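Chemist: Throughout the sequence shown, residue numbering follows the numbering used here, covering 32 to 582 in sequence.
All C-beta atoms, glycine included, are put in the ideal place defined by N, C-alpha and C.
Bear in mind the structure is a predicted one, so any value in this text is a computation, not a measurement.
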Amino acid sequence: MNFTRWSARLPGTQRRAAARTETGGSPAQRGDSVPAARAERLTPTFPDGVDGLPARAVLDSIPALVALVHGPDHRIAYVNDAYATAFGPRPTGAPAREALPELAEVGLLPLMDQVLRSARPRTVKSRKAPGGRSYTFTCTPVSLPLGGPAGDARDGGVLVFAADVTDHAEAAERLRASERSQRETAVTLQRSLLPQELEQPDDLRIAATYQPGGTDAAVGGDWYDVITLGGGRTALVIGDVMGRGVRAAAVMGQLRTAVRAYARLDLPPHEVLQLLDGLAAEIDASQIATCAYAVHDPNEGSLAYASAGHLPILVRDENGTIHRADEPTGPPLGTGGWLHTSGSVPLGPGSTAVLYTDGLVERRSEDIDEGVAALERALGGATGTPQVVCDRLIRALGVTADHDDDVAVLVLQQPARTGADAELFRNAALELLGGVEAAPRARAFATGVLASWRFPPDLLDLGVLAASELVANSLQHGTPPMRLRLRRTDRRLIIEVTDGDDHLPRRRRAEPVDESGRGIAIVATIASNWGSRRTPGGGKAVWCEFALPRA
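#1: Relative to the alpha-carbon of Cys575, which residue among Pro243, Ile551, Ala98 has its alpha-carbon at the smallest distance?
#2: Going by DSSP, what residues sit across from Cys575 in a beta bridge?
#3: If you drop the 5 nearest sequence neighbours on each side, which residues of the same chain put their C-beta closer than 7 Å to that of Asp532?
#4: Using only the alpha-carbon positions, how far apart do Arg72 and Arg148 sit?
#5: Check the DSSP bridge columns for Thr197 and list the partner residues they point to.
#6: Does the distance from the C-beta atom of Ala323 to that of His341 stay below 8 Å?
#7: For the alpha helix (DSSP H) containing Leu443, name the first residue and the last one.
#8: Contact criterion: CB-CB distance below 8 Å. Does Asp452 meet it with respect to chain B?
#9: Going by DSSP, what residue range makes up the alpha helix (DSSP H) through Met273?
#10: Cβ atoms of Ala280 and Leu220: under 8 Å apart, would you say?
#11: Figure out for me which residue from Ala88, Glu129, Gly361 has the closest Cα to the Cα of Val100.
#12: Pick from Val573, Arg537, Leu481: whose alpha carbon is nearest that of Met513?
#13: Looking at C-alpha atoms only, which residue of Lys159, Ala194, Val257, Val89 is the closest neighbour of Arg291?
#14: Along the beta strand (DSSP E) that carries Val419, what are the first and last residues, could you check?
#15: Contact check, Gly244 vs Asp437 under 8 Å by CB: the rounded distance?
#16: May I have the straight-line CA-CA distance separating Arg448 from Pro380, to the nearest angstrom?
#17: Could you tell me the boundaries of the alpha helix (DSSP H) in which Arg539 lies?
#18: Using the C-alpha atoms, what's the distance from Gly351 back to Gly429?
#19: Would you mind reading off the limits of the beta strand (DSSP E) that contains Asp328?
#20: DSSP three-state label for His301, please.
#21: For Val420, which of Val403, Ala405, Leu441, Ala404 has the nearest alpha-carbon?
#22: Under DSSP, the alpha helix (DSSP H) around Ser505 begins and ends at which residues?
#23: CB-CB under 6 Å to Ala578, same chain, minus the five flanking residues each way: which ones, in chain order?
#24: Alpha carbons only, please: which of Ala555, His199, Gln145 is nearest the one belonging to His105?
#25: Buried or exposed: which applies to Val1, given that a residue is buried once 16 or more other Cβ atoms fall within 10 Å of its Cβ?
#26: For Leu406 and Ile269, which I take to be in contact (beta-carbon distance under 8 Å), what is that distance rounded to the nearest angstrom?
#27: Could you check if Ser505 belongs to the surroundings of the ligand FAD, using beta carbon to heavy atom distance under 7 Å?
#28: What's the gap between the Cα of Leu517 and the Cα of Gly263?
#29: Between the C-alpha atoms of Ala316 and Leu370, what's the straight-line distance to the nearest angstrom?
#30: Find out if the Cβ-Cβ distance for the pair Leu134, Ala125 is shorter than 8 Å.
#31: Candidates Asp233, Tyr166, Pro141: which alpha carbon is nearest Val189's?
#32: Once DSSP output is grouped into helix, strand and coil, what is the label at Glu230?
#33: Using the rule of at least 16 other Cβ atoms within 10 Å of the residue's Cβ for burial, across every protein chain shown, is Ile525 buried or exposed?
#34: Which stretch, first to last residue, makes up the alpha helix (DSSP H) that contains Ser149?
#35: Let me confirm a value: Arg287 is counted as buried when at least 16 other C-beta atoms fall within 10 Å, else exposed. Which label applies?
#36: Pull up the DSSP beta-bridge partners for Arg516, would you.
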């Protein structure tokens with residue numbers, strides 16, 4: 032018998048004794064019939080069984096657990112001292128299913144059957160046995176004599192070798208527990224930084240879904256947000272920080288906070304991304320992020336957007352046609368030195384738009400364009416509320432709990448209103464040509480429109496006063512063309528005046544002797560909210576809102 036593999040694991044004295052045993056005596060005395068740990072197929076010549084072999088002393092000395100069984104019911108031929116110490120002595124000749132319950136508990140008996148049939152060794156790693164210790168089991172086929180002179184019938188056997196790997200298993204479990212803890216921390220941070228409740232604008236219905244990757248995937252930096260800008264406009268944003276773990280989630284939180292701050296400036300989408308690009312480079316130059324920022328204006332019937340390396344926004348119109356907003360697209364945030372541009376896509380009544388991250392459409396075995404095309408097909412047949420559409424898209428794209436990447440989806444719909452619901456959403460506009468008759472004309476127009484919308488007298492008076500002040504301010508400080516626009520929703524009255532001058536008004540304190548400067552202060556006092564912004568074609572818009580009494 033070759034003890035080279037065994038002797039490497041023995042103390043010096045035992046190793047030398049094993050070597051002497053190997054080199055001295057006849058082949059039968061050297062125990063050529065006992066297999067080593069990795070188990071060549073050996074044939075003993077002693078009819079007395081294992082008890083007559085010199086290898087028994089070696090097997091009894093090693094710390095690993097060794098058991099030898101034979102026959103189809105795996106009757107016990109031998110267990111070494113280490114095995115008896117671990118699980119107690121076992122009676123020779125008893126079947127393994129009755130006498131070796133510890134092997135049955137770790138599911139080893141079917142494997143031993145397979146080894147006996149195939150005559151090939153098998154190994155199972157790190158199985159926890161009764162008593163709490165973990166072992167790696169190797170089952171090796173051997174040939175054993177049933178007794179009688181050489182040449183008699185022989186019976187197959189299995190040598191079971193169990194190495195104690197408890198320390199390794201516990202270390203691996205501690206590592207897995209640490210990874211689980213870190214992942215739970217990242218998921219908690221990620222979810223806490225996402226909006227806990229989406230803002231719901233008057234004109235849109237919005238839902239979002241975030242699903243972290245499976246337990247084997249670290250949490251990424253996907254995020255989304257909905258920001259009400261005032262004047263009926265709504266900003267929508269979705270982004271993805273490249274990277275995984277707590278660091279990516281922390282960077283995501285900083286970018287999301289910055290987006291909300293920049294959105295309050297009511298800038299065009301590409302200017303918001305321009306500011307965000309500079310901030311991303313300052314936060315961490317080694318991490319980049321993709322982002323899509325869009326603004327919905329119900330008066331324009333479109334979605335203005337800018338993209339920093341993000342996937343295209345998809346829009347399904349009221350006829351079911353899918354529009355892909357893939358141009359223009361700039362480089363990701365954090366690259367610096369690039370200019371972003373804005374584009375627009377129609378978004379009228381009955382339309383549905385989808386913003387998403389790459390985890391929804393990217394697969395290792397497919398080009399990402401195939402994933403986007405699959406999303407287009409799924410969106411074409413996904414109907415229902417925004418939340419229902421979110422869920423259907425997730426299922427259609429095959430995203431499961433063990434998905435290998437984070438997924439964020441933001442769905443918005445502009446309902447097609449009819450009947451009594453349509454009466455709650457009205458628009459009216461008046462072109463102002465300037466001159467001394469412009470202000471009285473604007474007041475008369477506002478009075479007639481608000482009366483036709485059946486506003487109570489106090490709200491009608493406040494609306495007319497606000498329209499008069501905004502028009503007077505535009506006539507004094509603005510340039511043509513000028514327009515007065517009135518809009519009502521089911522929640523608020525919006526009054527907006529546009530002109531050709533891009534100088535934004537600001538609220539200031541008027542001194543008692545001043546003859547002007549009180550218009551914006553009056554509007555800010557009587558209105559629920561007010562603001563101003565520059566318009567894309569040059570000029571500005573100044574607006575205010577009045578909250579309607581709840582029915």
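Modeler: Reading it off the structure:
#1: Residue numbering aside, residue 575 sits at position 544 when the sequence shown is read from its first letter. For Cys575, the closest C-alpha among the options Pro243, Ile551, Ala98 is that of Ile551.
#2: Against the sequence shown, residue 575 aligns to sequence position 544. Within the DSSP secondary-structure output, Cys575 pairs in a beta bridge with Ile526, Trp561.
#3: Mapped onto the sequence shown, residue 532 falls at position 501. Hits under 7 Å: His508, Gly509, Thr510, Gly570, Lys571.
#4: Taking the sequence shown and counting its residues from 1, one reaches residue 72 at position 41. Taking the sequence shown and counting its residues from 1, one reaches residue 148 at position 117. Note on Arg72: pLDDT 37, under 50, position unreliable in the model; the coordinate value appears next. If I take the Cα positions, the gap works out to 14 Å.
#5: Position 166 of the sequence shown, counted from the start, is the residue given in the question as residue 197. None, per the DSSP bridge assignment.
#6: Residue 323 sits at position 292 when you count from the first residue of the sequence shown. Residue 341 sits at position 310 when you count from the first residue of the sequence shown. Yes, the Cβ-Cβ distance between Ala323 and His341 is below 8 Å.
#7: Counted from its first residue, the sequence shown places residue 443 at position 412. Element bounds for Leu443: not the alpha helix (DSSP H) but the beta strand (DSSP E), 438-445.
#8: Among the protein chains of the structure shown there is no chain B, as only one such chain exists.
#9: In the sequence shown, residue 273 corresponds to position 242, counting from 1. Taken as a continuous stretch (DSSP letters only), Met273 belongs to no alpha helix (DSSP H), as it is neither H nor E.
#10: Stepping through the sequence shown from its first residue, residue 220 is reached at position 189. Stepping through the sequence shown from its first residue, residue 280 is reached at position 249. A Cβ-Cβ contact shorter than 8 Å links Leu220 with Ala280.
#11: Translated into the one-based positions of the sequence shown, residue 100 becomes position 69. For Val100, the closest alpha carbon among the candidates Ala88, Glu129, Gly361 is that of Glu129.
#12: Your numbering for residue 513 matches position 482 in the sequence shown. Here the closest residue by C-alpha is Val573.
#13: The residue given as residue 291 occupies position 260 in the sequence shown. For Arg291, the closest of Lys159, Ala194, Val257, Val89 by C-alpha to C-alpha distance is Val257.
#14: The residue given as residue 419 occupies position 388 in the sequence shown. Bounds of any beta strand (DSSP E) do not take in Val419; it lies within the alpha helix (DSSP H) bounded by 417-427.
#15: Sequence index remark: in the sequence shown, residue 244 carries index 213 (1-based). Sequence index remark: in the sequence shown, residue 437 carries index 406 (1-based). At roughly 5 Å, the Cβ-Cβ gap stays under 8 Å, so Gly244 and Asp437 are in contact.
#16: For this step, residue 448 is matched to residue 417 along the sequence shown. For this step, residue 380 is matched to residue 349 along the sequence shown. Distance between the alpha carbons of Arg448 and Pro380 is about 8 Å.
#17: As a first step, residue 539 is located in the sequence shown; it is residue number 508 there, counting from the start. The continuous stretches of alpha helix (DSSP H) do not include Arg539, and DSSP gives it neither H nor E.
#18: As a first step, residue 429 is located in the sequence shown; it is residue number 398 there, counting from the start. As a first step, residue 351 is located in the sequence shown; it is residue number 320 there, counting from the start. Computed Cα separation, rounded: 23 Å.
#19: Reading the sequence shown from its first residue, position 297 is the one you call residue 328. 320-328 is the extent of the beta strand (DSSP E) around Asp328.
#20: Along the sequence shown, read from residue 1 onward, the residue named residue 301 stands at position 270. Looking at His301 - three-state DSSP - the assignment turns out to be helix.
#21: Counting from 1 along the sequence shown, the entry for residue 420 is found at position 389. When each option's Cα is compared against that of Val420, the closest is Leu441.
#22: The residue labelled residue 505 in the question sits at position 474 within the sequence shown. Run containing Ser505: 488-508, per the alpha helix (DSSP H) assignment.
#23: Position 547 of the sequence shown, counting from 1, holds the residue named residue 578. Closer than 6 Å at the Cβ level, and outside the excluded window around Ala578, lie Arg523, Ser559.
#24: The count along the sequence shown starts at 1 and reaches residue 105 at position 74. Cα-wise, what sits closest to His105 is Gln145.
#25: Coverage of the chain is limited to positions 32 through 582, which leaves residue 1 absent and any answer about it impossible.
#26: Residue numbering aside, residue 406 sits at position 375 when the sequence shown is read from its first letter. Residue numbering aside, residue 269 sits at position 238 when the sequence shown is read from its first letter. The beta carbons of Leu406 and Ile269 sit about 14 Å from each other, so the pair does not count as a contact at 8 Å.
#27: As far as ligands go, the structure on display features none, and thus does not contain the ligand FAD.
#28: Along the sequence shown, read from residue 1 onward, the residue named residue 517 stands at position 486. Along the sequence shown, read from residue 1 onward, the residue named residue 263 stands at position 232. Distance between the alpha carbons of Leu517 and Gly263 is about 11 Å.
#29: The count along the sequence shown starts at 1 and reaches residue 316 at position 285. The count along the sequence shown starts at 1 and reaches residue 370 at position 339. Rounded to the nearest whole angstrom, the CA to CA distance from Ala316 to Leu370 is 18 Å.
#30: Here residue 134 refers to the residue found at position 103 of the sequence shown. Here residue 125 refers to the residue found at position 94 of the sequence shown. The Cβ atoms of Leu134 and Ala125 lie no closer than 8 Å to each other.
#31: As a position in the sequence shown, residue 189 is number 158, starting the count at 1. Ranked by how close their Cα comes to the Cα of Val189, the residues Asp233, Tyr166, Pro141 have Pro141 in first place.
#32: Sequence index remark: in the sequence shown, residue 230 carries index 199 (1-based). DSSP places Glu230 in coil when its eight states are reduced to three.
#33: Reading the sequence shown from its first residue, position 494 is the one you call residue 525. Its Cβ being crowded by 16 or more others within 10 Å, Ile525 is buried.
#34: Here residue 149 refers to the residue found at position 118 when the sequence shown is read from its first residue. The continuous alpha helix (DSSP H) containing Ser149 extends over residues 140-149.
#35: Taking the sequence shown and counting its residues from 1, one reaches residue 287 at position 256. Of the other Cβ atoms in all chains shown, 16 or more fall within 10 Å of the Cβ of Arg287; this residue is therefore buried.
#36: The count along the sequence shown starts at 1 and reaches residue 516 at position 485. Answer is Ala460, Glu527.
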